[in-house]
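Numbering (the numbering used here), first residue to last: 80 to 180.
Here is the structure:
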């Protein structure tokens, strides 16, 4: 997920000139500080890493996506021609589970 001003995925080399300010209760800050120290990170590093991971998961969890005409045709072709199960998969699917042996 490359963003303007960021070297793809390596956010350590990213420019850090934007400021994000948030308010938190003393209890929340204490929990965040404890978690950050357990990971050997500064509070700001921990919060930014955590928020970024959550944001990426949210984006990846989208149920709707849009494709141009060529990508849409390729996607439909893939759906119409799924991979055939391997012999190993067929064997695993037909053998009795361990709890029934």
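Think of the CB as a built atom: it goes at the ideal place given N, C-alpha and C, for glycine as much as any other residue.
The structure displayed is predicted, hence computed values, not measured ones.
Sub-8 Å separation of residue i and residue j beta-carbons
i           : j           : result
residue 115 : residue 122 : yes
Same chain, Cβ closer than 7 Å to residue i, neighbours up to 5 away in sequence not counted
i           : result
residue 101 : none
Cβ neighbours of residue i in the same chain (closer than 6 Å, five flanking residues each side left out)
i          : result
residue 89 : Confidence is the limiting factor: at residue 89 the pLDDT is only 49, short of 50, which leaves the residue's position unreliable and the question unanswerable from this model.
Close beta carbons around residue i, own chain, < 8 Å, minus the five adjacent residues each side
i           : result
residue 125 : 111, 114, 115 and 118
residue 172 : 164
residue 175 : none
residue 120 : 128
Minimum C-alpha distance to residue i - residue among the options
i          : options          : result
residue 98 : 127, 176 and 104 : 127
Three-state secondary structure assigned by DSSP to residue i
i           : result
residue 132 : helix
residue 113 : helix
residue 103 : coil
residue 108 : helix
Ignoring anything shorter than 4 residues or poking outside the stretch 130-170, list the alpha helix (DSSP H) runs there in chain order.
-> 148-159
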